[in-house]
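Residue numbers (our numbering): 23 to 260. Cβ atoms here follow ideal geometry from the backbone N, Cα and C, with glycine treated the same way. First up is the structure itself, then whatever we jot down about it.
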Amino acid sequence: MKKIVLVILLVLVTAGIGLLLYMLLTRTTPVYAGSSREIISDGSNFAVSASYYSGLDKAEVDTALLDVQDGVEGALTAYDAILAKGTPVFHPTFNIALSDYGTGYFAVQGYAEDIPLDNQKQVGFYCADLTLNIYTDGNSKIIFLRNIMPTELTRQNVTLPVIYDDALSATALLSDSTDFDMSLAFLDGKTSTTLTFEWTYNVRCSVPLNLSGLDEQTVSADITFTNNNGVVTAAFAG
């Protein structure tokens with residue numbers, strides 16, 4: 023009987039080791055390949071996203087990104103050629119929309135989406151520990167901010183957003199609620215203000231035992247809100 027138990031234990035241990043080795047050998051390590059921004063609806067709705075690829079050399083991609091940012095001749099073509107050698111596996115997208123405005127104030131809504139681009143052929147990734155930081159340029163102040171909860175959760179399950187004492191910046195933890203809305207007021211005499219929306223997160227794999235991922239990722243967007251005779255519009259800054 024003891025021999026049978028030992029054999030079973032040996033089989034289980036061997037299977038466990040084999041499974042662990044398989045997961046380590048087949049894991050997909052994502053490489054950050056830059057961010058992009060999109061105007062969804064002119065004057066009111068925008069998106070910024072990050073791209074992650076597998077099968078690429080991180081140092082090569084980082085160098086190509088720097089060349090593109092510095093405006094090196096031919097850098098964009100070289101960058102596209104590098105990406106063509108890899109496989110897109112993750113494309114988190116962050117949306118910002120001007121939702122309302124009135125005399126001296128405006129409201130903003132936003133949400134985050136995890137968008138895999140692998141057609142289920144690769145493992146899936148998601149944004150863990152998602153946090154949104156918001157900064158104003160001093161021409162407006164934050165008067166209201168909340169994270170919008172999924173229906174299956176209650177308010178007591180999450181940490182509420184924090185508006186700092188100067189009302190010029192705020193932080194919202196979005197681990198359980200990827201949506202938010204907020205209201206801001208133009209300061210006296212100001213008709214334009216630029217807000218920085220900064221999302222930080224860790225990329226994690228959705229497959230158990232797969233330790234693929236990246237820490238301390240950041241995507242940001244600067245958006246300017248302008249009040250023109252009572253009509254507020256928005257645009258990417260820069």
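Assigned with DSSP and collapsed to three states, residue 102 falls in helix. Residues 159, 244, 246, 259 of the same chain have their beta carbon placed closer than 6 Å to that of residue 216, with the five preceding and five following residues left out of the count. Within the stretch 108-162, complete beta strand (DSSP E) segments of at least 3 residues are found at 109-112, 115-124, 127-135, 147-158, given in chain order. The beta carbon of residue 100 is closer than 8 Å to those of 86, 89 in its chain, skipping five residues each way along the sequence.
For residue 229, the three-state secondary structure derived from DSSP is coil. If you draw a straight line from the Cα of residue 80 to the Cα of residue 132, it comes to about 31 Å. Spatial neighbours of residue 135 in its own chain (CB-CB distance under 6 Å, excluding positions within 5 residues in sequence) are listed in chain order as 115.
Distance between residue 223 and residue 148, taken at the CA atoms: about 9 Å. Taking C-alpha positions only, residue 72 is separated from residue 118 by approximately 15 Å. If you draw a 10 Å sphere on the C-beta of residue 78, you find 16 or more other C-beta atoms in it, and that means buried. In the three-state scheme derived from DSSP, where H, G and I count as helix and E and B as strand, residue 167 is classed as strand. Taking the CA atoms as reference points, residue 254 sits about 33 Å from residue 93. Residue 182 counts as exposed, since fewer than 16 other C-beta atoms from the protein chains shown sit within 10 angstroms of its C-beta. At a Cβ-Cβ threshold of 8 Å, residue 212 and residue 169 do not count as neighbours. For residue 82, the enclosing alpha helix (DSSP H) starts and ends at 80-91. Going by C-alpha positions, residue 106 is about 34 Å away from residue 198.
In the three-state DSSP reduction, residue 55 falls in the strand class (E or B). One Cα belongs to residue 203, the other to residue 188, and the distance between them is close to 19 Å.
Remark: C-beta atoms of residue 205 and residue 129 approach each other more closely than 8 Å. Here the C-alpha atom of residue 218 lies approximately 31 Å from the C-alpha atom of residue 109.
At a Cβ-Cβ threshold of 8 Å, residue 154 and residue 66 do not count as neighbours. Within a 10 Å sphere around the beta-carbon of residue 192 sit 16 or more other beta-carbons, which makes this residue buried.
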